[in-house]
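Numbering (our numbering), first residue to last: 12 to 423.
Below is one structure, written out as structure tokens, with a few remarks after it.
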């Protein structure tokens, strides 16, 4: 008991830590030490890989030695009673009897404290390792590499109800985002990395979900994703040198941008929709919105079944085709459709409850307006203004301004 009291006196005077005292007490009792930094002998498992958030034995030993170096004492990590322990016991032999009443109580609780301290140290290491890897709660499978060298990573994220935003940006590949009746983002990321440690991941920050990566670290980034169709108030998707396909989403605001690739939008419903594209075919189908703006340069634009109250549709160096079979949601529509150096064709429904006020201009080309029930206010080869005779009393009224240059304009 005298030797144990000496050890505990050393703890009280700050000469050694509680962990070191436990090692020395275990050594006195003939029990091999199994404290922090000294892994117990075992056979490694072949089927269970080490957890990415748990410290390796070597890392724990290094940290243990580092802490003791700051205390002015380097522990002996070998088993059994050490020479250092004997020297320290002798050094404080004269003080044992003075502290006996105090340390007797300490002896009763020290074992419980040691176990708790060891668990806290382990948790601290685990938390530090987890923080260095982001906010992942579980290890993710390693990215799969295809025969062409492209890496793939699977993503699954729960999206709770609330004000959520989705922001995706990809380049030199493909973007496909489709809404479905569920509550999780399920996606496959495909990419080619320029660096071995290049990082890419879907990240959630509050209600914002976005694809996080450093563009300079990658040669290409693509995404193929299913997302909850009604979970996002705002959706923004960007592409560069990519084919882009977005469908079946309901949001307050949708923003799309793509350059040097084809773009297809379908089944979108929002208060506001805006898309600008260039150098590729632009297809827009089944869009419902209060306001919408679609712009394209150097590519054909094809629109089908747009139910938009305030619409701006423009194209340059590409033909425009507009096909509408009905105006369903709103009573008032104002459309501005224009293109340059290409044909503009607009196909509109003719029904008793629908009335039009049309202004059309075709610079250096001919026009044809074939709707029935129109009264022509201006009827010239390159300029027409016409109004349905039932315009004032119609339940659906459409104001249409159409313009093109160097190519025919047809409204029928």
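Cβ coordinates follow ideal geometry from the N, Cα and C atoms, glycine included.
Please read all numbers here as calculations on a predicted model, not as lab measurements.
| Asked | Found |
| --- | --- |
| Hey, residue 194 and residue 226: beta-carbon distance below 7 Å or not? | no |
| Can you list the beta strand (DSSP E) stretches of 3 or more residues lying completely in the region 312–355, in chain order? | 312–327, 331–334 and 343–351 |
| Return the bridge partner residues of residue 202 from the DSSP annotation. | 162 and 232 |
| Can the beta-carbon of residue 234 be found closer than 7 Å to that of residue 270? | no |
| Can you give the Cα-Cα distance for residue 329 and residue 415, rounded to whole angstroms? | 11 Å |
| Please classify residue 303: is it buried, with 16 or more other beta-carbons within 10 angstroms of its beta-carbon, or exposed? | buried |
| Residue 326: which of 407, 306 and 344 sits nearest, CA to CA? | 306 |
| Could you tell me which residues DSSP puts in a beta bridge with residue 170? | The partner list for residue 170 (beta bridge, DSSP) is empty, contrary to what the question assumes. |
| Could you check how far apart the C-beta atoms of residue 293 and residue 232 are, in whole angstroms? I think they sit under 8 Å. | That belief does not hold up - the Cβ atoms of residue 293 and residue 232 are roughly 22 Å apart, past 8 Å. |
| Give a yes or no on whether the C-beta atoms belonging to residue 221 and residue 175 are separated by under 7 Å. | no |
| Give a yes or no on contact between the region 283–292 and the region 198–216, applying the rule of three or more CB pairs nearer than 8 Å. | no |
| Are the region 396–412 and the region 364–379 touching by the rule of at least three beta carbon pairs closer than 8 Å? | yes |
| Taking DSSP's pairing of strands, which residues face residue 367 in a bridge? | 409 |
| Distance, Cα to Cα, residue 209 vs residue 228? | 6 Å |
| Would you kindly report the start and end of the unbroken beta strand (DSSP E) that includes residue 276? | 274–289 |
| Express the C-alpha separation of residue 19 and residue 34 in angstroms, rounding to a whole number. | 12 Å |
| For the structure I just gave you, are there three or more beta carbon pairs, one from the region 329–343 and one from the region 354–364, closer than 8 Å? | yes |
| Under the three-state reduction of DSSP, which class applies to residue 384: helix, strand or coil? | coil |
| Is residue 340 buried or exposed, if buried means 16 or more other CB atoms sit within 10 Å of its CB? | exposed |
| So, at 6 Å on beta carbons, what are the nonlocal neighbours of residue 92 in its own chain, with the 5 sequence-adjacent residues on each side left out? | In this predicted model, residue 92 has a pLDDT of only 44, less than 50, meaning its place in the structure is not dependable enough to derive any value. |
| Pick from 276, 166, 350 and 172: whose alpha carbon is nearest that of residue 237? | 166 |
| Whose CA, out of 243, 346, 319 and 253, lies closest to the CA of residue 230? | 253 |
| What did DSSP end up calling residue 255 once you bin it into helix, strand or coil? | strand |
| So, at 6 Å on beta carbons, what are the nonlocal neighbours of residue 282 in its own chain, with the 5 sequence-adjacent residues on each side left out? | 263 and 301 |
| By DSSP, does residue 210 sit in helix, in strand, or in coil? | coil |
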